[in-house]
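In the working numbering, the protein residues as written are 33 to 287. Notes for the one structure printed next.
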C-alpha cells in the first residue's frame, strides 16, 4: 500500500492522508503502480470528457481536458519537457546541458516546447468526435506513465549526483517494464481495438528513439528527460489515434 500511495503522491497532486511520497524505499517500489495511476488519471479525464461533452462545445472541452491532465500532475512532467528543451537545444557539451536542465529558470526553447505541446494536444483532442473523446482522454495519461516505467528500466541515470529520479532507479527492473507494456497493450486493445495497438506501438517506437537521442546528448536519462518523455508520449498517443482514419482496415476511431 505504501508503494501505491508513493506513486499517487509523486505523480499527482491529490492530497492523501499519511502520504509517503518522500519515502525513498516506497518510491523505489512504486514503479509497478505507475500504470495504475495512469489509468486513474485517465479515468478522471475520460469521465470529464463525457460530462463536459454533454454541455460544452468540443473545442472548449478539449482545452479543459488538457488543463485537467496538466493539473493532475501539478505540471511536473511539463516542467521536465521545458528543461529538456532548454538543455538539448542549447548546442552545448554534455555537462553544460545537464547544468542548464537543472536551472530552475525557463528559457525560450522551454517556453516554445510548452506552447507547442499544449497546442498539439488541444488541436488533436478537438479533432475527435465528441462521442469518442473519452478514448484519447483515457489512453494519453496511461501512455505517459507506462513510458516512464519503460525508460527508467532501460536507460542509465545520466547524473553522477542524485536527482529527483534517483529513488526510482533503485527499483527499476525489466519486469516492471513488461508489466507496464502489458497494461498499456491490453487497455489500448480494449478501448480502441487495432487502432489502439497501432498507437501503442507508435508511442513505444517514438519513446525508444527519444531514448537514443538522450543517450547521445547526455549519456542517459534524468528526471527532466523522463518528464519530457511522458509529455511526448501523451501527445503522440492523441496524434496517432487521430491519424488512423487514413487506414480504414485498422478501424480508426475518428470517422
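C-beta: ideal position from N, C-alpha, C; glycine also.
- Taking the C-beta atoms as reference points, residue 261 is found no nearer than 8 angstroms to residue 172.
- A distance below 8 angstroms separates the beta carbons of residue 166 and residue 78.
- The beta carbon of residue 130 is closer than 8 angstroms to those of 119, 190, 191, 250, 254 in its chain, skipping five residues each way along the sequence.
- Shown here for residue 157: same chain residues with a beta carbon closer than 8 angstroms to its own, the five before and five after excluded, namely 93, 94, 97, 98, 165, 168, 169, 270 in chain order.
- Beta-carbon to beta-carbon, residue 104 and residue 76 are separated by about 7 angstroms, close enough to satisfy the 8 angstroms threshold.
- Annotation: residue 66 to residue 106 spans about 16 angstroms, alpha carbon to alpha carbon.
- When DSSP reads this structure, residue 220 sits in no beta bridge, so it has no partner.
- Excluding residues up to 5 positions away in sequence, 110, 113, 114 lie with their Cβ nearer than 7 angstroms to the Cβ of residue 146 in the same chain.
- Between the stretch 211-229 and the stretch 178-187, the count of Cβ pairs shorter than 8 angstroms is three or higher; the stretches touch.
- Uninterrupted alpha helix (DSSP H) stretches at least 4 residues long and entirely within the stretch 73-153 occur at 90-104, 108-120, 126-134, given in chain order.
- When secondary structure is reduced to three states using DSSP, residue 190 falls in the coil class, being assigned neither helix nor strand.
- Look at residue 209 here: in three-state DSSP terms it is helix.
- In the structure shown, the three-state DSSP call for residue 253 is strand.
- Counting along the chain, residue 65 sits inside no alpha helix (DSSP H), nor does DSSP assign it H or E at all.
- Shown here for residue 238: same chain residues with a beta carbon closer than 8 angstroms to its own, the five before and five after excluded, namely 264, 265, 268 in chain order.
- DSSP places residue 37 inside the alpha helix (DSSP H), whose first and last residues are 34-43.
- Using a Cβ distance threshold of 8 angstroms, residue 38 and residue 58 count as a contacting pair.
- Put simply, of 151, 273, 117 the residue whose alpha carbon is nearest the alpha carbon of residue 138 is 117.
- The three-state secondary structure of residue 159, taken from DSSP, is coil.
- 8 angstroms or more divides the Cβ of residue 272 from the Cβ of residue 225.
- Going by C-alpha positions, residue 240 is about 10 angstroms away from residue 187.
- Distance from the CA of residue 174 to the CA of residue 198, rounded to the nearest whole angstrom, comes to 22 angstroms.
- The DSSP-derived three-state label of residue 199 is helix.
- Under the 10 Å beta carbon count, residue 133 is surrounded by 16 or more other beta carbons and is classified as buried.
- Of the candidates 208, 276, 207, 84, 84 places its Cα closest to the Cα of residue 162.
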